[in-house]
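Numbering (the working numbering), first residue to last: 35 to 303.
All C-beta atoms in this analysis are idealised placements derived from N, C-alpha and C, irrespective of residue type, glycine included.
Since the structure is predicted, the reported quantities are computational estimates derived from the model, not experimental observations.
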Amino acid sequence: MNRIEKAFAQAREENRAAFVGYLCAGDPDFEGSIEACRAVIETGVDVLELGVPFSDPLADGLTNQLAAQRALESGSNSERVLDLVRAIREFSEVPIIFYTYYNLVFAQGSETYAERAKAAGVDGILTLDLPPEEAGEHLEACAKHDVKTVFIVAPTTPDSRLEIICKATTGFVYYVSREGVTGEQASMSESIQANVAQIKQHTDLPVVVGFGISNADHVSTVAQAADGVVVGSAIVNCIAQDPSDRKAISAALRAKMGLLLEGNALAKK
């Protein structure tokens, strides 16, 4: 099994959902990003979703926009993001998924992008704005270099497209819990369980749920319906509180992860 399969298999064995944690690569700076990743990994993240900083992150809310801005202003670029993955691989075998926009893939070419990502230690790529119907070159490159693909299903996705999306996916299916962009929210949609069940009619791969999940109650609710829970903005906000204080960031991340994972533990299936 690859790292992604192992992570979800272990979660199933432990009768829980896998916990997917998001951080923006290079936020607040390179060394600080390494320590932030170390903090969430050591406190129990099953899959690390690394946002590749981009100047026009259309799917991201303010929290993640500002994280990308901090990363870019500190000098982050495509090569430094790969350096970050290499640094993580020196102390962890956690699955790493790139959360990126197709502009950044296209600029290098899908073949080169997938090859370099794999060599650095990346396990999968989520290209937010790439429809699977137009992803032939990307899918071929990922298959050639054994990089798993992740595609998104939205609340507005018609059933007629689910089979197309699921067929293009080789890692896990990412269900967006709400319309709009990333960011913390007060409550979760009541349709998550039904929509996850609908997706599962088209795939045997894990289905994870993200966007807006921000506290232990949210995690518990989603974990009862899905194979994985994605938390992003609530974690990234631990960095935004004081980007210049690495010790404070690490402490805040570990505390937040502890609270979120309590929700996952409460949802044992």
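Option nearest residue i by Cα separation, candidates the options
i	options	result
residue 279	51, 67, 59, 96	67
residue 51	258, 296, 230, 270	258
residue 211	266, 179, 197	266
residue 329	38, 55, 228	Any property of residue 329 remains undetermined from this structure, which presents the chain solely from 35 to 303.
residue 167	198, 138, 191	198
residue 81	173, 289, 264	264
residue 106	122, 147, 130, 58	58
residue 60	194, 295, 86	86
residue 76	145, 122, 45	122
residue 153	89, 116, 235	116
residue 184	237, 145, 72	237
residue 176	70, 187, 148	148
Where residue i sits in the DSSP three-state scheme
i	result
residue 136	helix
residue 52	strand
residue 247	coil
residue 113	helix
residue 204	coil
residue 266	coil
residue 106	helix
residue 289	helix
residue 242	strand
residue 16	As displayed, the chain neither begins before 35 nor continues past 303, which places residue 16 out of reach and without an answer.
residue 20	The structure shown does not extend to residue 20, since the chain is modelled only from 35 to 303, so the question has no answer here.
residue 210	strand
N- and C-terminal bounds of the alpha helix (DSSP H) containing residue i
i	result
residue 42	37 to 47
residue 64	64 to 76
residue 173	170 to 178
residue 230	226 to 234
residue 16	Absent from the model: residue 16. The displayed extent of the chain is 35 to 303, so no value can be given.
Classification of residue i by the beta-carbon crowding that lies within 10 angstroms, buried from 16 upward
i	result
residue 92	exposed
residue 109	exposed
residue 99	buried
residue 118	buried
residue 41	buried
residue 62	buried
residue 47	exposed
residue 291	buried
residue 111	exposed
residue 293	exposed
For residue i, the first and last residue of its enclosing beta strand (DSSP E)
i	result
residue 83	81 to 85
residue 161	158 to 161
Proximity test, residue i beta-carbon vs the ligand NAP heavy atom, cut-off 7 angstroms
i	result
residue 229	By its list of ligands, the structure shown contains no ligand whatsoever, and the ligand NAP lies outside what it can speak to.
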